[in-house]
Amino acid sequence: MEEKFSMQDLQQLDDVSYDEVDKILATYEAVRATLTRRIKNSGGLNNPAAYERLDAFFAECNQTRDIKKRRAILAQMKSEFCKGA
Numbered sequence: 100m101e102e103k104f105s106m107q108d109l110q111q112l113d114d115v116s117y118d119e120v121d122k123i124l125a126t127y128e129a130v131r132a133t134l135t136r137r138i139k140n141s142g143g144l145n146n147p148a149a150y151e152r153l154d155a156f157f158a159e160c161n162q163t164r165d166i167k168k169r170r171a172i173l174a175q176m177k178s179e180f181c182k183g184a
């Protein structure tokens, strides 16, 4: 039976892993900042229609890894800012 690895402590990360985590976080923050600007310009962070318009645009694009990442972050933002809508 194969044992699954589970990260229990940040001490388990090596230096390379720290660099990779930093890159992932920087990419996430950059994408989220870009999406935030677009959503604000398109109707506001609390407007579900703004998220739907931008997601519809991304849906028409070739579904590359980058587009899928943007759509996932967009969905996360929508659930965060449009809870009651």
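Mapped onto the numbering used here, the consecutive letters of the sequence shown carry residue numbers 100 to 184.
Even for Gly, the Cβ is constructed at its ideal location relative to N, Cα and C.
Please read these numbers as outputs of a predicted model, since none were measured by experiment.
Assign residue i to buried or exposed, taking buried as 16 or more other Cβ atoms, counted over all protein chains shown, within 10 Å of its Cβ.
i, result
"R164", "exposed"
"L173", "buried"
"I138", "buried"
"L153", "buried"
If you draw a straight line from the C-alpha of residue i to the C-alpha of residue j, how long is it?
i, j, result
"Y150", "D121", "27 Å"
"E179", "D118", "28 Å"
"P147", "K177", "7 Å"
"T135", "S116", "28 Å"
"Q156", "I123", "Sequence check: residue 156 is Phe here, not Gln. Distance between the alpha carbons of F156 and I123 is about 24 Å."
"N145", "C181", "5 Å"
"K168", "G143", "21 Å"
"Q175", "E128", "13 Å"
"A158", "N140", "20 Å"
Leaving out five residues before and five after residue i in sequence, what residues of the same chain have Cβ atoms less than 6 Å from its Cβ?
i, result
"R131", "I172"
With a CB to CB cut of under 8 Å and the five nearest residues on each side skipped, what residues in its chain are close to residue i?
i, result
"C160", "I166"
Check whether the Cβ of residue i lies closer than 7 Å to any heavy atom of the ligand NAP, and answer yes or no.
i, result
"K182", "By its list of ligands, the structure shown contains no ligand whatsoever, and the ligand NAP lies outside what it can speak to."
Enumerate in chain order the residues of its own chain whose CB-to-CB distance from residue i is below 7 Å, with the five nearest sequence positions on each side excluded.
i, result
"R170", "D154, F157"
Within the stretch 119 to 166, note down every full alpha helix (DSSP H) run reaching 4 residues or more, in order along the chain. Listed in chain order, the complete alpha helix (DSSP H) runs (minimum 4 residues) inside the stretch 119 to 166 are 147 to 159.
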